[in-house]
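Undergrad: Counted the way the numbering used here counts, the sequence shown spans residues 44 to 490. All C-beta atoms, glycine included, are put in the ideal place defined by N, C-alpha and C. The structure under discussion is supplied below as structure tokens; questions concerning it will follow.
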Amino acid sequence: MQHVSYTSSVETRKGTRIWIEGEALNRSGFAPGTPISIAYDFDNREIVITPDENSSRTVTNTSRNGNPRPIIDMQNKKVDELFPVGTRVVVMYQKGLIQIRANNEVQAKDEREQRLVTNLKSKTLTTATMFSGGGISHEAIHTALSDSDIDANTAWLAECEVKYSESSLGACLSITDETTMLSGTVEEIEDMYYQKVDILSFSMPCAGFSKAGKVKHKMTSEQHSGTALFGVYNAIRLANPAIIISENVTEAQDSPMYTLLRSEIERRGYKVFEQTLDARHTDSIENRSRYWLVAISQGLAPTSLALDHVPASGVTLNTVLQDVPEEEWKDHTYLKDKAIKDAAAGKGFAKRQLLDGTESRIGTIGRFYAKRRSTEPFMTRSDGKERLLTPIEHAAVKSIPSRLIKGVPTTTAHEILGQSVDFRQPYELMKLIIQRVAKGDTSMQGA
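See the structure below:
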């Protein structure tokens, strides 16, 4: 006979309490009146209960609806030391043996926190990333760690688009020969490849969250890429990171997928911080507004975590512009005609971004920038001709090092950059996280 039950330690006026009762006790040989021994094992963090004819302690005899009902009540300092108030525990009943341990999620929380503390002392952390694209956000995180005097190793990287992962392989310093490259969807990747790490970053596909994506695909985020959430859950459970970082379009924050994600990681013992970041926090030229979710294991989490605004430097687009061949400049008559028609139809949202280089801020550049879509930024000159930003200029307005797209075809480079991040957002966020966690400015001192 085996019976497994999950419960929690509770607070009473006399101290922390765990009690077990009912038919499971009878079935495992602990009927009312049975003499028992209770051992508190601090090395293995468990309570072990066995029958003991020499013990004066017995299983208490209570009743329910007139029927006898056994109960074992434990309430003392040892219980509190092993399982503080609110700790989820698993009670395992076997014939002649009862074991009480912290449940697997509590053990996982303790393990990841101890691992991070140990690794911070040695200044070596392990990271992983999913939906990595060209690896730009992950590279920013590693750059921030390096600038914080921490050596970071990428254990694994998951990306289903081979052309993006191959680009990151050739350009990202954060990826080494020791990194496992996982080319597939996060839902199908086998458990064995999700090694444990200290920091896990990811950005679920944004097409289902953004307004434009919903219009284009005629799907909600759940319909478009909802199964990715199951892959994310699985990776978090198996990799057991102490720090989770996720970025997406601002609309994702209120989506069902991120609501479920927040609820699940909070249930697993993380404290969640959320913030929308844009150029006011980074002083990058592109004003790319993005939602960031950071989850830190509760015992290590700071009391607050938010990036402040930074002073504007006044740097303009002119500082990043390149000399380009004359053939790059186009008349774009069809786009000009479309703008006139859109204006006549009252489509204010479709207004074009025509730039002359004096701008200190420009609008968002998307994944399909190379298609010359009407509402994205175009450079202009006095003869009326226009051109797209080059990939190097595109990288610069997002504060992305140009080496991350070196040798990449123009269209692919714009795709990587267009679905990426303002490099300074994850960089500054990671620096702040390490500062707060390393300082021990936790919300649960002594946890």
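Just to check my reading of the structure: Val229 and Ala278 have Cβ atoms closer than 8 Å, yes? What is that Cβ distance to the nearest angstrom?
TA: Sure, about 6 Å apart at Cβ, within 8 Å.
Undergrad: Under 8 Å Cβ to Cβ from Tyr49, same chain only, skipping five residues before and after it: list those, please.
TA: Closer than 8 Å at the Cβ level, and outside the excluded window around Tyr49, lie Arg131, Val132, Val133, Val134, Asn146.
Undergrad: Would you check if the distance between the CB atom of Ala38 and the CB atom of Val53 is smaller than 8 Å?
TA: Residue 38 is absent from the structure shown; the chain starts at 44 and stops at 490.
Undergrad: Would you identify the three-state DSSP class for Val258, choosing helix, strand or coil?
TA: The pLDDT assigned to Val258 is 49, lower than 50, so where the model puts this residue is not dependable; a value taken from the coordinates is nonetheless given after this. Looking at Val258 - three-state DSSP - the assignment turns out to be helix.
Undergrad: Whose CA, out of Met235, Phe174, Ala349, Ser327, lies closest to the CA of Leu272?
TA: Of the listed residues, the one whose Cα sits closest to Leu272 is Phe174.
Undergrad: To the nearest angstrom, how far is it from the Cα of Phe411 to the Cα of Pro469?
TA: Near 23 Å, if we compare the C-alpha coordinates of Pro469 and Phe411.
Undergrad: Assign Leu472 to one of three DSSP states: helix, strand, or coil.
TA: Here Leu472 sits in helix by DSSP.
Undergrad: Helix, strand or coil for Ser340, going by three-state DSSP, please let me know.
TA: Of the three classes helix, strand and coil, the one that applies to Ser340 here is strand, per DSSP.
Undergrad: Assign Thr105 to one of three DSSP states: helix, strand, or coil.
TA: Note: Thr105 maps to strand in three-state DSSP.
Undergrad: Quick one: using the 10 Å Cβ neighbour count with 16 as the cut-off for buried, is Gly489 buried or exposed?
TA: Because the pLDDT of Gly489 is 35, which lies under 50, any placement of that residue in the model is unreliable, and the number read from its coordinates should be weighed accordingly. Exposed is the call here.
Undergrad: According to DSSP, is Phe273 part of a helix, a strand, or is it coil?
TA: Note: Phe273 maps to helix in three-state DSSP.
Undergrad: For Gln318, report the span of its beta strand (DSSP E) as first-last.
TA: Where Gln318 is concerned, the enclosing beta strand (DSSP E) stretches over 313–320.
Undergrad: Looking only at C-alpha atoms, which of Tyr83, Asp95, Thr77, Ile477 sits nearest to Ile114?
TA: When each option's Cα is compared against that of Ile114, the closest is Thr77.
Undergrad: Rank Leu163, Thr172, Gly177, Ser99 by C-alpha distance to the C-alpha of Leu460 and give the top, closest one.
TA: Of the listed residues, the one whose Cα sits closest to Leu460 is Gly177.
Undergrad: Give the straight-line distance between the Cα atoms of Val205 and Ser226, rounded to the nearest whole angstrom.
TA: Computed Cα separation, rounded: 6 Å.
Undergrad: Can you look up Glu202 in the DSSP assignment and give me helix, strand or coil?
TA: Here Glu202 sits in coil by DSSP.
Undergrad: Where do the ends of the beta strand (DSSP E) carrying Ala393 lie?
TA: Neither: Ala393 is in no beta strand (DSSP E) and is coded neither H nor E.
Undergrad: Within its chain, find whatever has a CB closer than 7 Å to the CB of Lys164; leave out the 5 residues flanking it on each side and keep chain order.
TA: Here the set comprises nothing.
Undergrad: Can you tell me where the beta strand (DSSP E) with Asp84 in it begins and where it stops?
TA: Run containing Asp84: 79–84, per the beta strand (DSSP E) assignment.
Undergrad: If the criterion is Cβ atoms closer than 8 Å, does the pair Gln396 and Phe421 meet it?
TA: Their beta carbons are under 8 Å apart, which means Gln396 touches Phe421 by this criterion.
Undergrad: Given a cut-off of 8 Å, decide if Leu320 and Arg333 are closer than it, judged by their beta-carbon atoms.
TA: Contact flag set, yes.
Undergrad: Do Ile408 and Glu419 have their CB atoms nearer than 8 Å?
TA: Yes, the Cβ-Cβ distance between Ile408 and Glu419 is below 8 Å.
Undergrad: Using only alpha-carbon positions, find the residue among Val160, Glu233, Ile405 that is nearest to Val480.
TA: Ranking the options by Cα distance to Val480, first place goes to Val160.
Undergrad: Just to confirm, is the Cβ distance from Ser80 to Met44 under 8 Å?
TA: No.
Undergrad: At what residues does the beta strand (DSSP E) containing Asn291 begin and finish?
TA: Element bounds for Asn291: 286–291.
Undergrad: Could you have a look at Pro299 and say whether DSSP puts it in helix, strand or coil?
TA: Residue state, collapsed to three classes: helix.
Undergrad: Evaluate Tyr237 with the Cβ neighbour count: other Cβ atoms within 10 Å of its Cβ, from every protein chain shown; 16 or more gives buried, anything less gives exposed.
TA: Tyr237 should be labelled buried.
Undergrad: Can you tell me whether Met235 is buried or exposed? The criterion is at least 16 other CB atoms within 10 Å of its CB, across all chains shown.
TA: It counts as exposed.
Undergrad: From Asp84, Arg144, Asp297, Lys428, pick the residue whose C-alpha is nearest to that of Glu370; which is it?
TA: Cα-wise, what sits closest to Glu370 is Lys428.
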